[in-house]
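Peer 1: First residue of the sequence shown? That's 1 in full-length UniProt numbering, and the numbers climb one at a time after it. This is the structure I want to talk about, given as structure tokens.
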Amino acid sequence: MKRQVFEDYQPYKIKHKARFDLGNNENRIIDWSFLPQKTLESLEVGQLSFYGDNTYSELIEKYATYLGVNPRQVTVGVGSDHLIHMIVSTFMEKDDTFLTVNPDFFMYETYNQMHGSRFEAIELEEKDGTLVLPVDNLLARAQETNAKILMLSNPNNPSSVAYSMEDLERLATSFKGLLVIDEAYIEFAEVESFLSRLEGYENVLVLRTLSKAFGLAGLRVGFAVGSEELIYELDKVIPPFSLSNLTAHMATVALDYKDKVTETVETIVKLRQEMIAFLEQLEDCHVLPSQTSFVTFKALWAEVFHRQALAKDWNFKYYPTGKLAGYIRLSIGRPEEMAMLKEMVKSMIERGTIS
1 MKRQVFEDYQ PYKIKHKARF DLGNNENRII DWSFLPQKTL ESLEVGQLSF YGDNTYSELI
61 EKYATYLGVN PRQVTVGVGS DHLIHMIVST FMEKDDTFLT VNPDFFMYET YNQMHGSRFE
121 AIELEEKDGT LVLPVDNLLA RAQETNAKIL MLSNPNNPSS VAYSMEDLER LATSFKGLLV
181 IDEAYIEFAE VESFLSRLEG YENVLVLRTL SKAFGLAGLR VGFAVGSEEL IYELDKVIPP
241 FSLSNLTAHM ATVALDYKDK VTETVETIVK LRQEMIAFLE QLEDCHVLPS QTSFVTFKAL
301 WAEVFHRQAL AKDWNFKYYP TGKLAGYIRL SIGRPEEMAM LKEMVKSMIE RGTIS
């Protein structure tokens with residue numbers, strides 16, 4: 001009754017919600033306490049009783065304005081995860097090759113396994129203390145496998161690094177298939193969004209979300225942006241009424257508060273830079289140059305620190321194996337949480353409990 005390809009998979013279910021949860025890259029700074037009431041004030045009962053507008057025109061028009069693109073270039077899904085699944089289903093034949101980098105979002109592989117398509121990941125290159133796109137290797141492998149889709153996150157999750165526009169444009173120009181750039185963390189980055197170049201490329205889709213900078217992860221609202229032709233093809237496969245009317249309406253209301261989002265992003269970036277400065281002054285601690293709402297760093301004491309933090313009801317990621325073996329990925333939390341973390345690290349080092 002089960003498929004062999006999923007024999008070694010485990011359900012992605014979080015059994016315990018830590019008190020200090022810095023493991024899911026959520027926005028813990030923004031205050032949306034007023035949003036439910038504000039949403040209900042303008043909610044019509046028909047939005048609950050009837051399927052309604054499955055084009056989600058008001059939401060898409062507002063988000064397109066936020067991005068500075070034509071609404072016909074935008075579609076919406078139940079988070080970026082859903083849109084990734086829809087992109088694979090829309091554009092991939094069963095035996096086509098999907099190409100990405102390692103490390104990147106683990107669900108890329110799962111959706112390809114579900115679809116029956118081929119999956120390949122090319123290792124990011126280490127250069128000058130950071131990770132960079134292996135553009136030549138990607139293009140060579142794409143040609144060898146006749147890859148249909150090349151998908152990657154920029155800034156990258158889980159490494160926190162961002163890629164140069166020059167490298168991304170080389171991929172967009174030379175890759176013969178569909179290039180998908182997941183920009184979930186772009187609001188936190190100093191690098192430019194690829195949306196500024198989108199008009200010149202018919203083979204590029206950009207993914208965006210309300211989960212990170214907007215701090216609305218629980219709404220599960222993601223967007224795909226591209227040429228009208230690509231969006232039309234994607235809309236053929238996205239299930240009708242997939243986003244609830246209540247979710248769409250609340251997201252539409254939230255888009256009236258973009259200044260609040262900008263202010264929160266500035267706070268998170270400031271806390272991120274303070275955390276990076278703290279870590280960099282520690283002996284034998286290497287921090288990747290973060291362009292996201294989290295920091296990724298490596299130290300001799302990383303595993304011990306992670307274990308001790310878990311015992312105190314904290315949650316963040318530690319990578320025991322793979323490209324990021326020995327690294328911690330730590331979301332930026334509230335100011336008091338970041339202060340507590342620093343004290344925990346200093347106390348651990350002073351006590352010598354690092355092995």
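For each residue, glycine too, the CB sits at the ideal point set by N, CA and C. Owing to the predicted nature of the structure, the values given are computational and were not obtained by experimental measurement.
Which residue wins for smallest C-alpha separation from Ser293, given the options Ala189, Gly79, Arg118?
Peer 2: The option with the nearest alpha carbon to Ser293 is Ala189.
Peer 1: Along the chain, where does the beta strand (DSSP E) containing Glu121 start, and where does it finish?
Peer 2: Residue 121 is actually Ala in this sequence, not Glu. Per DSSP, Ala121 belongs to the beta strand (DSSP E) from 118-123.
Peer 1: Kindly indicate the opening and closing residues of the alpha helix (DSSP H) around Tyr163.
Peer 2: Note, Tyr163: premise wrong, no alpha helix (DSSP H); not H, not E.
Peer 1: Starting from the C-beta of Leu35, find all residues in its chain whose C-beta is less than 7 Å away, skip the five residues before and the five after it, and write them out in chain order.
Peer 2: The answer, listed in chain order, is Met250, Val253, Ala254.
Peer 1: Would you please state the rounded distance, in angstroms, between the beta carbons of Ile87 and Tyr108? I believe it to be under 8 Å.
Peer 2: About 10 Å; that fails the 8 Å criterion.
Peer 1: Hey, Pro134 and Leu324: beta-carbon distance below 8 Å or not?
Peer 2: No, the pair does not count as a contact, with Cβ atoms beyond the cut-off.
Peer 1: Pairs of beta-carbons, one from the segment 107-121 and one from the segment 57-68, closer than 8 Å: are there three or more?
Peer 2: Verdict: no, contact absent.
Peer 1: Three Cβ pairs or more, each shorter than 8 Å: is that satisfied between the segment 307-324 and the segment 179-197?
Peer 2: Output reads no: the segment 179-197 does not touch the segment 307-324.
Peer 1: List the DSSP bridge partners of Asp182.
Peer 2: Answer by DSSP bridge pairing, in chain order: Ser153, Leu207.
Peer 1: Any chance you could list the beta strand (DSSP E) runs of at least 3 consecutive residues sitting entirely within the segment 273-351, in chain order?
Peer 2: Fully enclosed beta strand (DSSP E) runs of 3 or longer: 285-287, 294-299, 317-319, 327-331.
Peer 1: Helix, strand or coil: how does DSSP classify Gly218 here?
Peer 2: Residue state, collapsed to three classes: helix.
Peer 1: If we count the other Cβ atoms within 10 Å of its Cβ and call it buried at 16 or more, is Lys148 buried or exposed?
Peer 2: Under this definition Lys148 is a buried residue.
Peer 1: Give me the residue from Arg329, Leu207, Asp284, Gly218 with the minimum Cα distance to Gln73.
Peer 2: Residue Leu207 is the option with its Cα nearest to Gln73.
Peer 1: Within the same chain, show all residues whose beta-carbon is closer than 7 Å to that of Ala18, passing over the 5 residues directly before and after it, in chain order.
Peer 2: Taken in chain order, the residues that qualify are Asp313, Trp314, Asn315.
Peer 1: Tell me the DSSP bridge mates of Glu126?
Peer 2: Beta-bridge pairing links Glu126 to Leu131.
Peer 1: Which same chain residues, not among the five before or five after Asp31, have their C-beta less than 7 Å away from its C-beta?
Peer 2: Taken in chain order, the list of residues that qualify is empty.
Peer 1: Counting pairs of Cβ atoms below 8 Å between the segment 267-286 and the segment 337-353, do you hit three or more?
Peer 2: A contact exists between the segment 267-286 and the segment 337-353.
Peer 1: Could you tell me whether any Cβ in chain D is nearer than 8 Å to the Cβ of Glu187?
Peer 2: Here chain D cannot be found, since the structure has a single protein chain.
Peer 1: Looking at C-alpha atoms only, which residue of Glu233, Met340, Gly333, Arg351 is the closest neighbour of Thr75?
Peer 2: Thr75 has its Cα closest to that of Glu233, out of Glu233, Met340, Gly333, Arg351.
Peer 1: Give a yes or no on whether the C-beta atoms belonging to Ala142 and Glu26 are separated by under 8 Å.
Peer 2: Not in contact: Ala142 and Glu26 (Cβ atoms no closer than 8 Å).
Peer 1: Using the rule of at least 16 other Cβ atoms within 10 Å of the residue's Cβ for burial, across every protein chain shown, is Pro239 buried or exposed?
Peer 2: By the 10 Å Cβ count, Pro239 comes out exposed.
Peer 1: What does the Cβ neighbour count give for Ser242, buried or exposed, with the cut at 16 atoms within 10 Å?
Peer 2: Per the 10 Å Cβ criterion, exposed.
Peer 1: Please confirm whether Thr145 and Thr97 have their CB atoms less than 8 Å apart.
Peer 2: Cβ distance < 8 Å, so Thr145 and Thr97 count as in contact.
Peer 1: Report the option in Leu205, Leu271, Ser174, Ala248 whose CA atom is closest to the CA atom of Thr55.
Peer 2: Ranking Leu205, Leu271, Ser174, Ala248 by Cα distance to Thr55 puts Ala248 first.
Peer 1: Per DSSP, what are the beta-bridge partners of Asn102 in this structure?
Peer 2: Beta-bridge pairing links Asn102 to Glu123.
Peer 1: Kindly give me the distance between the Cβ atoms of Ile268 and Ile29, rounded to whole angstroms, as I take these residues to be in contact under 8 Å.
Peer 2: That pair is a contact at about 6 Å.
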